[in-house]
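Sequential numbering of the sequence shown, starting at 963, is according to this note's numbering.
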Amino acid sequence: MRIAVPNKGRLHEPTMELLERAGLHVERTADRQLYADTVDPEVTVLFARAADIPEYVRDGAADLGVTGLDQAHESGAVVEATGDGSEASTAGGEDADGAALVDLVDLGYGRCRLVLAAPEDGDITEIDDVDGRTVATEFPNVTRSFFDSRGIAPDIVEVTGATELTPHVEMADAIVDITSTGTTLKVNRLAVIADVLESSVRLFARANVVDDPKVGQVATAFESVVAAEGKRYLMMNVPTSRLEAVKDVIPGMGGPTVMDIAGENGEDESGQVAVHAVVDERRVFEVITDLKAVGASDILVTEIERLVE
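What follows is the structure, encoded as structure tokens:
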């Protein structure tokens, strides 16, 4: 099983961390190597440009790929996986050969938007205003599909960088470009007219390997890392008389886990139980205060590496 991952840029380090946390430690021997083994003898990692990864997967050079949804849509059709692992409806148009990528897992990082933007002081204020005008972009396929679906026909000009500059040097009337915070657009006096695509990094598969057991294992491992994000594991001792009050504070995932505390003779002699629960990281400060107030003690908070739901 070959997984293509970004070889550099802002997606590289988060992806390597994801592999590590998922239990797929990458055994790299050099900074510029193009592929590497993992601790799983059946899984190899290929390093490629994020924009090239969809084609690696479509062409069979890799079975799985980690890259942005924007890059996947630009390369061709994308379908969502259904709950049973099969393909769902196609998004972004059909490939001529039907070689759609299957979107398996939203990995939650690299979030950004592909937007239509135009000069703040210009005459383009809504989508229809670009009909017959010139739009510059690094994503011509996504851009063309966006306008075609609305019956709008601008002249699309493909550029390979500095897209924000094109309206100011009269190369284009508007642009379709990636933004995370909107700061770069504001600095260049460009206003967002419409959202074209919401993107994040995903795990993609080639359609003919979706049912492979190893693909399922990798997808489950990645999902368990994503599910653990922003969660904390709480352990505490609680008097049995205060158990219901504690349950009201931390309902947890389907309810907290309650266990007897064994004394020296192997029996519960303390009048207390041990309570374990998963809570949102943002609630930890508040929850600990509330737990102390209702009688919980010896509260321990730990990070969660993976959470299989």
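C-beta atoms are modelled at their ideal positions from N, C-alpha and C, and glycine is treated no differently.
Inter-residue spacing [alpha-carbon to alpha-carbon] between residue i and residue j
i       : j       : result
Asp1025 : Ala966  : 8 Å
Asp1110 : Asp1117 : 12 Å
Ser1037 : Pro1016 : 6 Å
Asn1150 : Arg1106 : 24 Å
Val1171 : Gly1178 : 10 Å
Arg1112 : Asn1103 : 15 Å
Leu1165 : Thr991  : 25 Å
Glu1049 : Ser1161 : Confidence at Glu1049 is low in this model, with a pLDDT of 48, below 50, so its placement is unreliable and the value that follows should be read with caution. Approximately 20 Å between the Cα atoms of the pair.
Asp1260 : Glu1271 : 27 Å
Val1154 : Glu1126 : 12 Å
Pro976  : Tyr1071 : 8 Å
Val1064 : Leu1159 : 17 Å
Leu1152 : Arg1073 : 20 Å
Ala1207 : Val1220 : 13 Å
Leu908  : Ala1183 : Residue 908 is absent from the model: the chain starts at 963 and stops at 1271.
Leu996  : Ser1186 : 27 Å
Gln1234 : Ala1258 : 10 Å
Leu1205 : Ala984  : 35 Å
Arg1075 : Glu1132 : 24 Å
Arg964  : Ala1023 : 8 Å
Met978  : Val1241 : 26 Å
Thr1202 : Ala1236 : 9 Å
Thr1087 : His1035 : 26 Å
Asp1032 : Glu1120 : 15 Å
Leu1278 : Val1138 : Since the first residue shown for the chain is 963 and the last is 1271, residue 1278 is missing from the structure and cannot be characterised.
Enclosing beta strand (DSSP E) for residue i [first to last residue]
i       : result
Met1133 : Counting along the chain, Met1133 falls outside any beta strand (DSSP E), and DSSP gives it neither H nor E.
Lys1209 : Lys1209 -> not in any beta strand (DSSP E); alpha helix (DSSP H) instead, spanning 1205 to 1211.
Met1277 : Because the chain spans 963 through 1271 in this model, residue 1277 falls outside it and cannot be assessed.
Asp1242 : 1234 to 1242
Pro968  : 964 to 968
Ala1098 : 1096 to 1099
Three-state secondary structure assigned by DSSP to residue i
i       : result
Gly1113 : coil
Glu1226 : Residue confidence is low: Glu1226 scores 45 on pLDDT, short of 50, so the model does not pin down where it sits. Its coordinate-derived value is still stated next. Residue state, collapsed to three classes: coil.
Tyr1071 : coil
Gly1030 : strand
His987  : coil
Pro1003 : coil
Glu1082 : coil
Leu981  : helix
Asp1260 : strand
Ile1140 : strand
Val1041 : strand
Asp1157 : strand
Asp1090 : helix
Val1121 : coil
Range of the contiguous alpha helix (DSSP H) that encloses residue i
i       : result
Phe1247 : 1246 to 1255
Arg1164 : Looking at the DSSP string, Arg1164 is not in any alpha helix (DSSP H); the run it does join, the beta strand (DSSP E), is 1163 to 1168.
Leu1147 : 1145 to 1149
Thr1182 : 1175 to 1190
Arg1020 : 1015 to 1021
Contact belief for residue i with residue j at Cβ below 8 Å, rounded distance in angstroms
i       : j       : result
Pro1218 : Ala1190 : No, Pro1218 and Ala1190 are not in contact; Cβ-Cβ is about 18 Å, not under 8 Å.
Val1256 : Ala1156 : The Cβ separation is near 50 Å, so there is no contact.
Ala1062 : Ala1039 : 4 Å
Pro1129 : Ala1080 : 7 Å
Ala1136 : Val1092 : 5 Å
Ala1169 : Leu1066 : Contact doesn't hold; Cβ gap of about 11 Å is too wide.
Leu973  : Ala1012 : 6 Å
Ile1212 : Val1249 : 6 Å
Lys1193 : Ile1266 : 5 Å
Quiz item: Per the contact definition of three or more C-beta pairs closer than 8 Å, is the region 998 to 1012 in contact with the region 1096 to 1103?
Solution: no
Exercise. Tell me, please, whether the region 993 to 1002 touches the region 1183 to 1200 by the rule of three or more beta-carbon pairs shorter than 8 Å.
Key: no
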